[in-house]
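**Student:** Protein sequence lines, in the order shown, are assigned to chains D and A.
Using this note's numbering, the first residue of the first sequence is number 1310, and each one after it goes up by one.
Using this note's numbering, the first residue of the second sequence is number 470, and each one after it goes up by one.
Handing you a structure now.
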Amino acid sequence: MLEFMQQLINGFSLGSIYAVLALGLAMVYSTLGILNFAYGELITIVGYTMYFATQAGAPFLLAAGLGITFAAIASLLMQLALFRPLRGASFVTLLFASFALSQALQGVFRQAISPRARGIAVPEIFSTFVTIGDIRIGFLTIATLIIALTSMGILAVFMRYSRSGLQMRAAAIDLTTTRLMGVRANRVILGAFAISGILAGIAGVLWMARTTQVTPTSGFTPILIAFIAVVLGGLGSIPGAVIGGYIFGVLEVFLQAYLPIGLVPFQFAMALIAVSVLLYLRPEGLMGKRIEEKV
Amino acid sequence: MPTCPGLPFTGSRTVIPSENTEKSMETHNIEERGLAPLLNIAHLTIHYGMVTALDQVSLTVDRGEIVVVLGPNGAGKSTLMGAIAGVHKPSAGEISLDAMPIPYGVPERVLRMGVALIPEGRSIFGALTVEENLRLGGSRVSRSDVSDGIEKAFTRFPVLAERRNQSAGTLSGGEQQQLAIARALMSSPAVVLYDEPSLGLAPKIVTQIFELITELRDEGVTTVLVEQNVHLALEIADYAYVLASGHVISHGYASELASIDLARLYMGNEVAE
Chain D
1310 MLEFMQQLIN
1320 GFSLGSIYAV
1330 LALGLAMVYS
1340 TLGILNFAYG
1350 ELITIVGYTM
1360 YFATQAGAPF
1370 LLAAGLGITF
1380 AAIASLLMQL
1390 ALFRPLRGAS
1400 FVTLLFASFA
1410 LSQALQGVFR
1420 QAISPRARGI
1430 AVPEIFSTFV
1440 TIGDIRIGFL
1450 TIATLIIALT
1460 SMGILAVFMR
1470 YSRSGLQMRA
1480 AAIDLTTTRL
1490 MGVRANRVIL
1500 GAFAISGILA
1510 GIAGVLWMAR
1520 TTQVTPTSGF
1530 TPILIAFIAV
1540 VLGGLGSIPG
1550 AVIGGYIFGV
1560 LEVFLQAYLP
1570 IGLVPFQFAM
1580 ALIAVSVLLY
1590 LRPEGLMGKR
1600 IEEKV
Chain A
470 MPTCPGLPFT
480 GSRTVIPSEN
490 TEKSMETHNI
500 EERGLAPLLN
510 IAHLTIHYGM
520 VTALDQVSLT
530 VDRGEIVVVL
540 GPNGAGKSTL
550 MGAIAGVHKP
560 SAGEISLDAM
570 PIPYGVPERV
580 LRMGVALIPE
590 GRSIFGALTV
600 EENLRLGGSR
610 VSRSDVSDGI
620 EKAFTRFPVL
630 AERRNQSAGT
640 LSGGEQQQLA
650 IARALMSSPA
660 VVLYDEPSLG
670 LAPKIVTQIF
680 ELITELRDEG
690 VTTVLVEQNV
700 HLALEIADYA
710 YVLASGHVIS
720 HGYASELASI
730 DLARLYMGNE
740 VAE
């Protein structure tokens, strides 16, 4: 029971990174219908920013702040330089354009920095443990949970109560009608990319604090997981992306902990099989729209 | 060009079939209906791929008027409304408001110029609350004007005040239409475009909505109304245009058009096609 509790907390901690990741991908998808596969490279950008900043002697928190800032700027640039000129293009066109951007950025990282992994120095406190009653939990596990939950809470309040948040929610339901209300499409879309970039930045910092290294292809696993979580939760549903992230995180940790040793190498494959089964049972995802939200 | 052979009103002073050139139609309008129309649509043509949705449509709306656009399904009425609101891109022709050309493809700028569209089917955000729908309508005005606008909306539509925190999807059809109108008024538009406001509503509710449209006109809101309900529409309209297969096949003062069997007019056009 004790171990179960411990694993559950670990699962929720990993799941909250996945939730933040998925949330960033879902923000852009729900507003524009773009599945931005170059989103993973934002995580890589966070990694390299933190690597260079800590190398230059910056404290970890400053490096993390810079990482988030650069991810947000890169996200805005993606919209301005790539997606805006392609406005009106089909879903598949945009998807392939984002693949191309993803590959191009990986090439740049490889050529300009190095194909090899770079280590990111993390504070020693990250590897310490906290004991609550009989449960021993890693400091990083708890810090991750708190940071992710706080970030999502702030976003929820912003989306719920601010004027821009309302406009973004409306744009996600029906962009044309939102524009008929006088809302500037370009502003709402940039807002969505900015939030997407900040979330990628926060998830990236949490990710790098765990993996402690960055390579040119560091973004692949995060984008894959974000994509799985978004589809699992229901494409286009913001709360669905969060729930999908948590489910996949808990699933991963539990498979790791409870699979027989011989099957552990198949952990990721088994997680995907579980997702496939869930999607077979609910093709529209857990929170997918069965009824049209617009009346 | 469709021809309208043997229409009963051919040659009438105010109801002009489309055989007359566009130029003479404009001249007619200017002479008969004031010098500078608020909304002027000249030779508007819109294509959807290979299909011509509107063909050389010219139409004027004077300040403070209710102009109704009638016509059978697929005549291009909604396309016309969408074009005025800046949603559809014309392939030829021009739309201007108060002599300023209306830009295409940026509906948010058209709203800022003072034109609000209430789309067919109302386009209420069902997942958002009544108040949030109203707030969205006030996206272009200052925050204090939004509060004032909401107060005004609640005075005019008490039922919306009762349901301000309810999601708009739970409202009845008539309440949703009230919300759509209240939302459009949030930006204090000079021109309101109604696309089939009676759609799916009970007759009693339709009468109320039409009374409301008249009331708003009396307060100075210039109105363009697309309607299937010909008799009700002509009752409140000042001027009417009849659209069929993308052409203006007839237009005239509502009182004069009211005496004509419009169903036959539509049919006549279909036969001619």
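Backbone N, C-alpha and C define an ideal beta-carbon position, used for all residues, glycine too.
Given the structure is predicted, the values throughout are model-derived calculations rather than measurements.
How would you label Ala1430(D), buried or exposed, when you count the other beta carbons within 10 angstroms and need 16 or more for buried?
**Tutor:** As a working mapping, residue 1430(D) is identified with position 121 in the first sequence. Per the 10 Å Cβ criterion, exposed.
**Student:** Can you tell which of Leu1371(D), Thr1485(D), Ile1422(D), Arg1496(D) has its C-alpha closest to the C-alpha of Arg1393(D)?
**Tutor:** Taking the first residue of the first sequence as position 1, residue 1393(D) is located at position 84. Of the listed residues, the one whose Cα sits closest to Arg1393(D) is Arg1496(D).
**Student:** How is Gly518(A) classed by DSSP in three states: helix, strand or coil?
**Tutor:** The residue you call residue 518(A) lines up with position 49 of the second sequence. DSSP places Gly518(A) in coil when its eight states are reduced to three.
**Student:** Which residues in chain D sit within 8 Å of Leu629(A), going by Cβ to Cβ distance?
**Tutor:** Along the second sequence, read from residue 1 onward, the residue named residue 629(A) stands at position 160. Within 8 Å Cβ-Cβ: nothing; Leu629(A) doesn't reach chain D, min ~15 Å.
**Student:** For Tyr708(A), does the three-state DSSP call read helix, strand or coil?
**Tutor:** Your numbering for residue 708(A) matches position 239 in the second sequence. Strand at Tyr708(A).
**Student:** What number of angstroms, rounded off, separates the C-alpha of Leu1508(D) from the C-alpha of Ala1381(D)?
**Tutor:** In the first sequence, counting from the first residue as 1, residue 1508(D) sits at position 199. In the first sequence, counting from the first residue as 1, residue 1381(D) sits at position 72. For Leu1508(D) and Ala1381(D), the distance between alpha carbons rounds to 8 Å.
**Student:** Is Glu665(A) near the ligand MN, judged by its Cβ being under 8 Å from some heavy atom?
**Tutor:** This structure lacks the ligand MN; in fact it carries no ligand of any kind.
**Student:** Under the three-state reduction of DSSP, which class applies to Leu662(A): helix, strand or coil?
**Tutor:** For the purposes of this step, residue 662(A) is identified with residue 193 of the second sequence, where counting begins at 1. Looking at Leu662(A) - three-state DSSP - the assignment turns out to be strand.
**Student:** May I ask you to report which of helix, strand or coil DSSP gives Glu600(A)?
**Tutor:** Taking the second sequence and counting its residues from 1, one reaches residue 600(A) at position 131. Helix.
**Student:** Considering Phe1438(D), what are the terminal residues of the beta strand (DSSP E) in which it resides?
**Tutor:** Numbered from its first residue, the first sequence carries residue 1438(D) at position 129. Residues 1438-1441.
**Student:** Let me know the secondary structure DSSP gives His716(A) once reduced to three states.
**Tutor:** As a position in the second sequence, residue 716(A) is number 247, starting the count at 1. Of the three classes helix, strand and coil, the one that applies to His716(A) here is strand, per DSSP.
**Student:** Let's test the definition: count the other Cβ atoms within 10 Å of the Cβ of Ile1434(D) and tell me whether it reaches 16, buried, or not, exposed.
**Tutor:** Within the first sequence, residue 1434(D) is the residue found at index 125, counting from 1. Classification of Ile1434(D): exposed, given that the 10 Å Cβ count is below 16.
**Student:** So Gly1554(D) and Ala1328(D) are in contact, right, with Cβ under 8 Å, and what is the actual spacing, rounded?
**Tutor:** Residue 1554(D) sits at position 245 when you count from the first residue of the first sequence. Residue 1328(D) sits at position 19 when you count from the first residue of the first sequence. With 8 Å as the limit, Gly1554(D) and Ala1328(D) qualify as a contact, their Cβ atoms being about 3 Å apart.
**Student:** My understanding is that Ser719(A) touches Glu696(A), with C-beta atoms under 8 Å, so please give their C-beta distance in whole angstroms.
**Tutor:** Mapped onto the second sequence, residue 719(A) falls at position 250. Mapped onto the second sequence, residue 696(A) falls at position 227. Not confirmed; about 15 Å, so no contact.
**Student:** Mind the definition here: the region 1513-1522 of chain D touches the region 1340-1360 of chain D only if three or more C-beta pairs lie below 8 Å; say whether that holds.
**Tutor:** The region 1513-1522 of chain D is in contact with the region 1340-1360 of chain D.
**Student:** For Ser493(A), which residues from the same chain have a beta carbon less than 6 Å from its beta carbon, with the 5 sequence-adjacent residues on both sides left out?
**Tutor:** Taking the second sequence and counting its residues from 1, the one referred to as residue 493(A) is at position 24. Its pLDDT being 40, under 50, Ser493(A) is placed unreliably by the model, and nothing is read from it.
**Student:** Rounded C-beta distance between Gly689(A) and Leu670(A)? I'm assuming under 8 Å.
**Tutor:** Translated into the one-based positions of the second sequence, residue 689(A) becomes position 220. Translated into the one-based positions of the second sequence, residue 670(A) becomes position 201. Their Cβ separation, rounded to whole angstroms, is 25 Å, which puts Gly689(A) and Leu670(A) out of contact at 8 Å.
**Student:** Would you call Met1310(D) buried or exposed, if buried means 16 or more other Cβ atoms sit within 10 Å of its Cβ?
**Tutor:** On the first sequence, position 1 is the one that residue 1310(D) refers to. Met1310(D) should be labelled exposed.
**Student:** Among the residues of its own chain, which have a CB less than 6 Å from the CB of Phe1379(D), if the five just before and after it don't count?
**Tutor:** Along the first sequence, one-based indexing puts residue 1379(D) at 70. So the qualifying residues of the chain are Ile1354, Thr1358.
**Student:** With a cut-off of 8 Å on the beta carbons, I'd call Leu640(A) and Ala1479(D) a contact; round off their distance for me.
**Tutor:** For the purposes of this step, residue 640(A) is identified with residue 171 of the second sequence, where counting begins at 1. For the purposes of this step, residue 1479(D) is identified with residue 170 of the first sequence, where counting begins at 1. At roughly 17 Å, the Cβ-Cβ gap does not stay under 8 Å, so Leu640(A) and Ala1479(D) are not in contact.
**Student:** Is there a Cβ from chain A that is less than 9 Å from the Cβ of Ala1492(D)?
**Tutor:** Within the first sequence, numbered from 1, the residue matching residue 1492(D) stands at position 183. Here residue 1492(D) turns out to be Val, not Ala, going by the sequence shown. Cβ-Cβ to chain A under 9 Å: yes for Val1492(D).
**Student:** Could you work out which residues of chain D lie near Ala554(A), taking near to mean beta carbons separated by less than 8 Å?
**Tutor:** For the purposes of this step, residue 554(A) is taken as residue 85 along the second sequence, with counting starting at 1. Near Ala554(A) (Cβ distances below 8 Å), the residues of chain D are Leu1489.
**Student:** Given that a residue counts as buried once 16 or more other Cβ atoms are within 10 Å of its Cβ, and exposed if not, what is Asn542(A)?
**Tutor:** The sequence position of residue 542(A) within the second sequence is 73, counting from 1. Flag for Asn542(A) reads exposed.
**Student:** In the DSSP output, what is Thr529(A) paired with across the bridge?
**Tutor:** In the second sequence, the residue the question calls residue 529(A) occupies position 60. Answer is Asn509(A).
**Student:** Quick check: the Cα distance between Gly1442(D) and Ala1535(D), rounded to an integer number of angstroms?
**Tutor:** Numbered from 1 along the first sequence, position 133 holds the residue referred to as residue 1442(D). Numbered from 1 along the first sequence, position 226 holds the residue referred to as residue 1535(D). Going from the Cα of Gly1442(D) to the Cα of Ala1535(D) covers about 34 Å.
**Student:** Determine the direct distance from the alpha carbon of Gly1558(D) to that of Gln1576(D), and round the result to whole angstroms.
**Tutor:** Within the first sequence, the letter at position 267 stands for residue 1576(D). Within the first sequence, the letter at position 249 stands for residue 1558(D). Each residue's Cα considered, the two are about 12 Å apart.
**Student:** Rounded to a whole number of angstroms, what is the C-alpha to C-alpha distance between Ser1325(D) and Glu1312(D)?
**Tutor:** As a working note, residue 1325(D) is residue 16 in the first sequence. As a working note, residue 1312(D) is residue 3 in the first sequence. Those two C-alpha atoms are separated by around 20 Å.
**Student:** So that I know if they touch, is there some Cβ in chain D lying closer than 9 Å to that of Gly545(A)?
**Tutor:** Residue mapping note: residue 545(A) aligns to position 76 of the second sequence, counting from 1. Cβ-Cβ to chain D under 9 Å: no for Gly545(A).
**Student:** Among the candidates Leu580(A), Leu507(A), Leu694(A), Thr548(A), whose CA atom is the shortest distance from the CA of Leu566(A)?
**Tutor:** Working through the second sequence from its first residue, we reach residue 566(A) at position 97. Comparing Cα positions, the closest option is Leu507(A).
**Student:** Using the Cβ count rule (16 or more neighbours within 10 Å means buried), how would you classify Tyr517(A)?
**Tutor:** In the second sequence, counting from the first residue as 1, residue 517(A) sits at position 48. Exposed: under 16 other Cβ atoms inside 10 Å.
**Student:** Report the partner residues of Ala585(A) according to the DSSP bridge assignment.
**Tutor:** In the second sequence, residue 585(A) corresponds to position 116, counting from 1. Ala585(A) pairs with Val661(A).
**Student:** Give every residue of the same chain whose Cβ lies closer than 7 Å to the Cβ of Glu589(A), excluding the five residues on either side of it in the sequence, and list them in chain order.
**Tutor:** One-based indexing of the second sequence puts residue 589(A) at position 120. Only Ser547, Asp664, Glu665, Leu668 meet the Cβ criterion.
**Student:** Under a Cβ-count criterion, where at least 16 other Cβ atoms within 10 Å of its own Cβ denotes burial, should Arg1488(D) be classed as buried or exposed?
**Tutor:** Taking the first residue of the first sequence as position 1, residue 1488(D) is located at position 179. Looking at its Cβ environment, which holds 16 or more other Cβ atoms inside 10 Å, Arg1488(D) is buried.
**Student:** Show which residues of chain A have a CB atom less than 9 Å away from the CB atom of Leu1475(D).
**Tutor:** Position 166 of the first sequence, counting from 1, holds the residue named residue 1475(D). Near Leu1475(D) (Cβ distances below 9 Å), the residues of chain A are Leu597, Glu601, Arg604, Leu605, Ser608.
**Student:** Specify, as a first and last residue, the run of the alpha helix (DSSP H) that Thr691(A) falls within.
**Tutor:** Along the second sequence, read from residue 1 onward, the residue named residue 691(A) stands at position 222. Note, Thr691(A): premise wrong, no alpha helix (DSSP H); beta strand (DSSP E) at 691-695.
**Student:** Once DSSP output is grouped into helix, strand and coil, what is the label at Arg632(A)?
**Tutor:** On the second sequence, position 163 is the one that residue 632(A) refers to. It is coil, neither helix nor strand.
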